[in-house]
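A.B. asks: Chains as they are written, first to last, in UniProt numbering: chain A, 1 to 205; chain B, 1 to 205. The beta-carbon is built from N, C-alpha and C at its ideal position, and this holds for glycine as well.
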């Protein structure tokens with residue numbers, strides 16, 4: 001495999017990924033509009049409900065969809081951090097390096113805000129938890145998060161490139177230890193340590 | 001004040017909140033549809049881009065909007081956990097009790113998935129980090145998260161009611177300690193301890 005390797009699903013140009021990319025614009029634009037907007041929100045709500053109605057009418061049953069979504073690429077298509085099918089995901093694109101680390105860059109907008117102009121601390125935890133999981137995958141042994149410690153050194157800014165990185169540091173029996181960081185302009189904003197246990201929730205079938 | 005007190009912004013029937021509620025349906029329906037859907041995703045993408053174009057054309061400048069969004073109710077209108085203006089937020093509705101605790105119930109769907117059929121561990125961390133912040137507000141002294149420890153006891157299920165709770169336990173100078181839990185069916189799935197420092201990022205003006 002050529003390295004650095006892409007560890008998340010590449011968004012596709014058409015299909016559901018294209019619709020999800022448009023949905024991300026809606027999420028952002030609604031927050032940017034706010035209460036003071038002149039936009040006809042009743043009309044917007046009506047249009048969006050009509051699209052949702054149509055999608056729901058044609059969607060598979062939940063159990064069927066759960067089986068489908070855990071086939072093949074599995075989580076990387078639909079997770080809330082990297083998934084091109086999930087409008088909640090920024091999405092973060094992570095690659096694996098030869099030294100065993102994984103990393104990606106992203107810029108976050110208003111939907112991810114905590115303190116004024118800064119990334120929500122819980123969003124940083126979400127990004128880092130997921131990145132540690134991908135780092136475990138890259139290292140070849142994955143597990144369920146048992147404990148996650150997140151340290152906040154300085155606020156991470158919105159609207160500026162952030163780097164998210166992670167690396168598995170040790171395996172002791174079923175205990176996996178993995179670390180990660182969220183940085184801006186070369187300075188760590190948030191660092192994390194995770195303890196994972198090598199087991200997994202079974203895939204639906 | 002009557003207790004238990006509502007600690008988050010109540011979604012309004014019309015305006016941007018109604019459009020955001022519709023956007024949440026879109027996010028969920030796109031994930032439910034997946035790749036195997038018969039829906040015309042090119043058409044859906046086109047409709048959503050048209051709505052986004054229209055919203056963006058009428059939106060205030062970012063700096064102006066940042067000042068506006070930090071007036072009044074501030075974060076509770078737009079944050080990614082409880083905000084009725086933020087389609088990423090489930091939204092969680094928290095109330096404060098006389099004993100000093102805050103709590104809310106919610107049911108999460110596919111956008112919040114980590115392991116098959118379960119809540120993403122990072123999403124639990126996001127919900128809990130935010131809830132600890134609201135617990136600090138309810139206790140009367142807020143701060144910035146310095147360290148968050150999240151312990152995962154058992155997977156939290158999607159599609160079932162979950163309870164999220166938090167409580168400030170001590171204040172020592174500027175150090176605030178706050179705990180919280182995410183539970184399902186009366187059993188703790190995830191517990192957390194947070195250390196906060198009593199300071200805040202200034203509001204934009």
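(1) If the cut-off is 8 Å on Cβ atoms, which residues from the segment 88–100 of chain B count as contacting chain A, listed in chain order?
(2) By the 7 Å beta-carbon criterion, what residues does the segment 177–197 of chain A contribute toward chain B?
(3) Leaving aside the five residues before and after residue 131 (chain B) along the sequence, list all residues of the same chain whose C-beta is less than 6 Å from its C-beta, in chain order.
(4) At 3 residues or longer, and completely inside the segment 17–88 of chain A: list those beta strand (DSSP E) runs for me, N to C.
(5) Does the beta-carbon of residue 94 (chain A) have 16 or more other beta-carbons within 10 angstroms, so that it is buried, or is it exposed?
(6) Ends of the alpha helix (DSSP H) at residue 139 (chain B)?
(7) Using a Cβ-Cβ distance cut-off of 8 Å, determine whether residue 139 (chain A) contacts chain B.
(8) Along the beta strand (DSSP E) that carries residue 169 (chain B), what are the first and last residues, could you check?
(9) Taking Cβ-Cβ distances below 8 Å as the criterion, which residues of the segment 54–81 of chain A are in contact with chain B?
(10) Relative to the C-alpha of residue 197 (chain B), which candidate in B:103, B:189, B:172 and B:205 has its C-alpha closest?
(11) Check whether the segment 77–94 of chain B and the segment 142–160 of chain B touch, using three or more Cβ-Cβ pairs below 8 Å as the test.
(12) Between the segment 44–59 of chain A and the segment 28–39 of chain B, can you find at least three pairs of beta-carbon atoms closer than 8 Å?
(13) Can the beta-carbon of residue 192 (chain A) be found closer than 8 Å to that of residue 128 (chain A)?
(14) Quick one: measure Cβ to Cβ for residue 190 (chain B) and residue 156 (chain B), integer angstroms, because I've assumed they're closer than 8 Å.
(15) Would a check of beta-carbon distances place residue 163 (chain B) closer than 8 Å to chain A?
(16) I'd like to check one pair, residue 109 (chain A) with residue 92 (chain A): are the Cβ atoms closer than 8 Å?
(17) In terms of residues, what are the limits of the beta strand (DSSP E) holding residue 188 (chain A)?
(18) With DSSP collapsed to three states, give me the class of residue 2 (chain B).
(19) Going along the chain, which residues of its own chain have a beta-carbon closer than 7 Å to the beta-carbon of residue 182 (chain B), five neighbours each way excluded?
(20) Short check: CB of residue 158 (chain A) to CB of residue 112 (chain A), under 8 Å?
(21) Cβ of residue 48 (chain B) within 8 Å of Cβ of residue 19 (chain A)?
(22) Between the Cα of residue 121 (chain A) and the Cα atoms of B:78, B:4, B:169 and B:146, which residue gives the shortest distance?
(23) Determine which residues share a DSSP beta bridge with residue 157 (chain B) and list them.
(24) Start and end of the beta strand (DSSP E) containing residue 183 (chain A)?
(25) Against residue 203 (chain B), what residues of chain A qualify as contacts under a CB-to-CB distance less than 8 Å, listed in chain order?
(26) Grab me the residues of residue 89 (chain B)'s own chain with a C-beta within less than 8 Å of its C-beta, minus the 5 sequence neighbours each way, in chain order.
(27) So if I threshold CB-CB distances at 7 Å, which residues from the segment 5–23 of chain B count as touching chain A?
(28) Taking residue 123 (chain A) as the query, report the chain B residues whose CB atoms sit under 8 Å from its CB, ordered along the chain.
(29) If we count the other Cβ atoms within 10 Å of its Cβ and call it buried at 16 or more, is residue 154 (chain B) buried or exposed?
(30) On a Cα-Cα basis, can you pick out the residue from B:114, B:99, B:102 and B:200 that is closest to residue 143 (chain B)?
(31) Please classify residue 17 (chain B): is it buried, with 16 or more other beta-carbons within 10 angstroms of its beta-carbon, or exposed?
(32) Report the neighbours of residue 33 (chain B) on chain A: residues whose CB is nearer than 9 Å to its CB, in chain order.
(33) Rank A:34, A:7, A:5 and A:107 by C-alpha distance to the C-alpha of residue 160 (chain A) and give the top, closest one.
(34) Quick check on residue 34 (chain A): buried or exposed, where buried means 16 or more other Cβ atoms within 10 Å of its Cβ?
(35) With 16 other CB atoms within 10 Å as the buried threshold, where does residue 15 (chain A) fall?
C.D. replies: Reading off the structure:
(1) Correct list: 88.
(2) Closer than 7 Å at the C-beta level to chain B, one finds no residue of the segment 177–197 of chain A.
(3) Result list for residue 131 (chain B): 164, 166 and 180, in chain order.
(4) Qualifying beta strand (DSSP E) stretches: none in this window.
(5) Label assigned to residue 94 (chain A): buried.
(6) First-last of the alpha helix (DSSP H) with residue 139 (chain B): 121–139.
(7) Using a CB distance cut-off of 8 Å, residue 139 (chain A) does not count as an interface residue toward chain B.
(8) Element bounds for residue 169 (chain B): 162–172.
(9) For the segment 54–81 of chain A, which is checked against every Cβ of chain B, the residues closer than 8 Å are 54, 55, 56, 58, 59, 60, 62, 65, 66, 68, 69, 70, 75, 77, 78, 79, 80 and 81.
(10) Per the Cα distances, B:172.
(11) Touching, no.
(12) Contact holds: three or more Cβ-Cβ distances are below 8 Å.
(13) In contact: residue 192 (chain A) and residue 128 (chain A) (Cβ atoms closer than 8 Å).
(14) Confirmed, about 6 Å.
(15) Chain A, which has no Cβ nearer than 8 Å to the Cβ of residue 163 (chain B), makes this no.
(16) No, the pair does not count as a contact, with Cβ atoms beyond the cut-off.
(17) Unbroken beta strand (DSSP E) run through residue 188 (chain A): 187–197.
(18) Confidence at residue 2 (chain B) is low in this model, with a pLDDT of 47, below 50, so its placement is unreliable and the value that follows should be read with caution. Of the three classes helix, strand and coil, the one that applies to residue 2 (chain B) here is coil, per DSSP.
(19) These residues qualify, in order along the chain: 124, 127, 128, 156, 162, 164, 189 and 190.
(20) Yes, Cβ-Cβ distance for residue 158 (chain A) and residue 112 (chain A) is below 8 Å.
(21) Pairing residue 48 (chain B) with residue 19 (chain A) gives a Cβ-Cβ distance under 8 Å.
(22) Ranking B:78, B:4, B:169 and B:146 by Cα distance to residue 121 (chain A) puts B:146 first.
(23) Its beta-bridge partners are B:118.
(24) 175–184 is the span of the beta strand (DSSP E), which, as asked, contains residue 183 (chain A).
(25) Under the 8 Å cutoff, chain A gives 116.
(26) If we look at residue 89 (chain B) and ignore the five residues flanking it on each side, its Cβ neighbours are 79, 80, 81, 82 and 83.
(27) Hits within the stretch, in order: 14, 15, 16, 18, 19, 20, 22 and 23.
(28) By Cβ distance, chain B contributes 80 and 126.
(29) Flag for residue 154 (chain B) reads exposed.
(30) Distances from the CA of residue 143 (chain B) to each of B:114, B:99, B:102 and B:200 were compared; the closest alpha carbon is that of B:200.
(31) Residue environment: residue 17 (chain B) is assigned as buried (16 or more neighbouring CB atoms within 10 Å of its CB, all protein chains considered).
(32) Those are 16, 19, 55, 56, 58, 59, 60, 65 and 85, listed as they occur along chain A.
(33) Check the Cα spacing between residue 160 (chain A) and each of A:34, A:7, A:5 and A:107: the tightest is with A:107.
(34) Per the 10 Å Cβ criterion, buried.
(35) Within 10 angstroms of the beta-carbon of residue 15 (chain A) lie 16 or more other beta-carbons, which makes it buried.
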